[in-house]
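Step one of this worksheet: look at the structure below.
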Amino acid sequence: ASIWMVQFMKAMRDERGEMIKNAHVLGFFRRICKLLFLRTKPVFVFDGGTPALKRRTVIARKRLREKAHAKIRKTAEKLLLSH
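7 is the number that UniProt numbering gives to position 7 of the sequence shown; each next residue is one higher, with no gaps.
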């Protein structure tokens, strides 16, 4: 299920390239409807936390975001203080 969520959030964009609001809900609904139409009974399993390998990736991404936000903040301060 989490793989589908990522697919929907990355792929479902509007004409400007912005993510469609509630893309994950719309994507799940459409995919489940298709499976039911094909007489396939979907089973979803949400089983526990993030695996160790993915956890490291998530932490690394968080650090990168924090660094980027700090850089943005610094740049904004420089721009605001220089005028």
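Glycine included, C-beta positions come from ideal geometry on N, C-alpha and C.
Is it buried or exposed, residue i, if we count other Cβ atoms within 10 angstroms and call 16 or more buried?
i  : result
F8 : buried
So, are the CB atoms of residue i and residue j less than 9 Å apart?
i   : j   : result
M12 : I20 : yes
F28 : M5  : yes
Mapping DSSP to helix, strand and coil, what is residue i?
i  : result
M9 : helix
Nearest chain C C-beta to residue i closer than 9 Å, yes or no?
i   : result
K62 : As a matter of chain content, chain C is missing from the structure shown, which is built from one protein chain.
Evaluate contact between the region 52-71 and the region 25-41, counting only Cβ atoms and requiring at least three cross-stretch pairs below 8 Å. With fewer than three CB-CB distances shorter than 8 Å, the region 52-71 does not count as touching the region 25-41.
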